[in-house]
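Using my numbering, the letters of the sequence shown map in sequence onto residues 685 to 843.
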Amino acid sequence: MGAEGLVCPIIDARRNQVYTGLYQVQGNVDVVMDQEPMDIHELIENINFIASGVSSKSQLSANSSNSKLSGERTYSRLGEPSSVTFVGDGVPIYEETIWLEIKVPCKMAPANMNRQRGASIAAYGEILYKEGKYINADDFAPEYLRKSQAERVKDEQGK
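Below, the structure written as structure tokens:
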């Protein structure tokens with residue numbers, strides 16, 4: 685796709701929840717917001733804040749703060765306003781909500797380019813490998829962003 689600017693994957697987690705993150709793409713990829721599950725409305729609010737940028741000191745003082753606390757995380761505005769490209773299987777599900785609530789320039793990846801693709805993962809893996817950023821397969825473990833519903837119910841019953 686060759687997107688530059690902010691890229692926001694949204695993977696549907698049901699019940700208005702998404703697995704998401706926010707990445708700045710300008711030649712390389714920098715994490716702006718760590719991957720985590722959150723409510724779609726909270727995600728859009730965070731993106732509106734982060735991507736709004738600050739164009740002048742007077743705008744900064746008028747907005748009173750250049751950082752925002754959301755849950756347990758603090759987010760900082762980017763120095764320049766930025767456009768956001770949404771990708772992932774959550775795009776068709778939450779597209780209407782995004783268009784209604786987003787306050788920064790954005791676009792949705794086309795249907796043929798908004799899903800995870802093995803070839804894309806492999807190409808990115810090759811880049812990381814060449815940079816020496818890899819681990820032994822025996823050391824690899826999946827990173828779960830939240831407990832399964834069965835685990836959450838069991839924990840609640842145990843209280």
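Glycine residues also receive a C-beta, built at the ideal position from the N, C-alpha and C atoms.
Quick caveat, the model's predicted, so the values are computed rather than measured.
The beta-bridge partner set that DSSP reports for M792 consists of F770.
The Cβ neighbour count for F824, taken over all protein chains shown within 10 Å, is under 16; the residue is labelled exposed. Separation of the CB atoms of I724 and V775 is rounded to 11 Å, and the pair is thereby denied contact status at 8 Å. Beta-bridge annotation (DSSP): L690 is paired with Q708 and V768. Taking a cut-off of 8 Å on C-beta distances, the region 785-796 touches the region 717-736, as three or more cross pairs fall below it.
In the structure shown, the three-state DSSP call for I777 is helix. For D718, the closest of S832, T704 and N796 by C-alpha to C-alpha distance is T704. A buried status is given to V691, since no fewer than 16 other beta-carbon atoms sit within 10 Å of its beta-carbon.
Within the same chain, G689 and P789 come within 6 Å of S767 by CB-CB distance, once the 5 residues on both sides are set aside.
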